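Residue numbers (the working numbering): 7 to 167.
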């Protein structure tokens, strides 16, 4: 067995969701879940088929996001993994529970815009995702000024009253 780390290749501010599912039907079901949750959502989803032709299956509403999903899914190449890239102005917070509720979805590894590395195990049979490194190491404990900044930010962007 070999351990591999793979950086997700994406524009700095682009959000994505990385997960694992279990059936080819996932691509269409994830697509339908996203467009039903957020009308007009821009996204691309790609899924690594784990048997048969072992293709990267894909769908989406935005060409650039579809291409990002295809490229990153092919690089990850872990059976039954999927990756969703969200267009500008769309965030995992708005669709994550919807994605989790898709019957084929087994787990979510991350939902982020941070620089991310995927930790893979590769065997003679194939690849599996062990986990992710999402962003950077914590440097300190937040203080009173940091708490105030956090609370103000959430109100500024409309997530708190």
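Every residue gets a Cβ at the ideal spot worked out from N, C-alpha and C, and that includes glycine.
Quick caveat, the model's predicted, so the values are computed rather than measured.
Sequence-distant residues of the same chain with beta carbon closer than 8 angstroms to residue i, five excluded per side
{"i": "residue 118", "result": "21, 22, 98, 140, 141"}
{"i": "residue 158", "result": "none"}
{"i": "residue 156", "result": "148"}
{"i": "residue 96", "result": "21, 44, 47, 48, 49"}
Spatially closest choice to residue i from the options, by CA coordinates
{"i": "residue 89", "options": "57, 131, 135, 109", "result": "135"}
{"i": "residue 17", "options": "41, 122, 65", "result": "122"}
{"i": "residue 11", "options": "52, 126, 100", "result": "126"}
{"i": "residue 131", "options": "162, 57, 116", "result": "57"}
{"i": "residue 112", "options": "86, 101, 137", "result": "86"}
{"i": "residue 83", "options": "115, 52, 65", "result": "52"}
{"i": "residue 65", "options": "146, 42, 36", "result": "36"}
Cutoff 6 angstroms; reference residue i; Cβ partners in own chain excluding five residues on either side
{"i": "residue 19", "result": "119"}
{"i": "residue 61", "result": "55"}
{"i": "residue 8", "result": "128"}
{"i": "residue 13", "result": "123"}
Cutoff 7 angstroms; reference residue i; Cβ partners in own chain excluding five residues on either side
{"i": "residue 93", "result": "48, 49, 68, 71"}
{"i": "residue 175", "result": "Given that the chain is displayed from residue 7 to residue 167, the structure contains no residue 175 and the question cannot be resolved."}
Residues bridged to residue i (per DSSP)
{"i": "residue 94", "result": "The partner list for residue 94 (beta bridge, DSSP) is empty, contrary to what the question assumes."}
{"i": "residue 87", "result": "26"}
inquiry  = Between the region 22–34 and the region 75–87, can you find at least three pairs of beta-carbon atoms closer than 8 angstroms?
reply    = yes
ask   = Which full runs of the alpha helix (DSSP H) of 4+ residues lie inside the region 107–162, going along the chain?
value = 150–162
query = What are the uninterrupted segments assigned as alpha helix (DSSP H) that are 4 or more residues long and contained completely in the region 41–88, given in chain order?
reply = 69–82
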